[in-house]
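Novice: Taking this note's numbering, I'd label the letters of the sequence shown as residues 11 to 118.
The beta carbon of each residue, even a glycine, is placed where N, CA and C say it ideally should be.
The structure's right below; bear with me while I get my questions together.
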Amino acid sequence: MSNYTAKYEKQFTRNLRRYASLRQRIKRSVEQVLLTPYNSEFLGDVSGKLNLRGCRSVRIDRNFRIIFVICEECRHIPQCEYCFCEDLPDNTVVFLTVGPHDRAYAMR
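Rendered as structure tokens:
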């Protein structure tokens, strides 16, 4: 049983419908993230790219990624531009987007 709860942003749910063929794999990855959210890749600022500092990423397959933030972590990172945790408890994981590598990291 997970100690973390999920919140899904509109982009995540929109992309979940778009990639319906991967829905079960995405669901399993989301469940795994909720069990062990820190067992994921911590993202940073890549010069010339989108600032994803404070976000995390997990692979679904070779090309697909889930981008998310952990509220208890991103509250302590002032540079985090994707912290939507103001009214959420610390044990919340906010799923921002899912999709092919380039689209996910562009937050589309």
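Looking only at its chain, what residues have a beta carbon closer than 6 Å to the beta carbon of Asn101, apart from the 5 residues adjacent to it on each side?
Specialist: Result list for Asn101: Asn13, Tyr14, in chain order.
Novice: From what residue to what residue does the alpha helix (DSSP H) around Tyr115 run?
Specialist: Counting along the chain, the alpha helix (DSSP H) containing Tyr115 begins and ends at 111-115.
Novice: Asp71 CB to nearest chain C CB: under 7 Å?
Specialist: Of the chains in the structure shown, none is chain C; there is only one protein chain.
Novice: With a 10 Å radius around its C-beta and 16 neighbouring C-beta atoms as the bar for buried, classify Gly54 as buried or exposed.
Specialist: The residue is exposed, with fewer than 16 neighbouring Cβ atoms inside 10 Å.
Novice: Quick one: grab the DSSP three-state call for Leu32.
Specialist: Note: Leu32 maps to helix in three-state DSSP.
Novice: Would DSSP call Asn61 helix, strand or coil?
Specialist: In this structure, Asn61 counts as strand in the three-state DSSP scheme.
Novice: Around the Cβ of Pro2, are there at least 16 other Cβ atoms within 10 angstroms (buried) or fewer (exposed)?
Specialist: Lying before the first or after the last residue shown, residue 2 is absent from the chain, which here runs from 11 to 118.
Novice: Considering Cα atoms alone, identify which of Gln21, Arg118, Glu19, Ile76 is closest to Arg38.
Specialist: Nearest of Gln21, Arg118, Glu19, Ile76 to Arg38, Cα basis: Ile76.
Novice: How would you call Asn9, buried or exposed, if buried means at least 16 neighbouring beta carbons within 10 angstroms?
Specialist: Lying before the first or after the last residue shown, residue 9 is absent from the chain, which here runs from 11 to 118.
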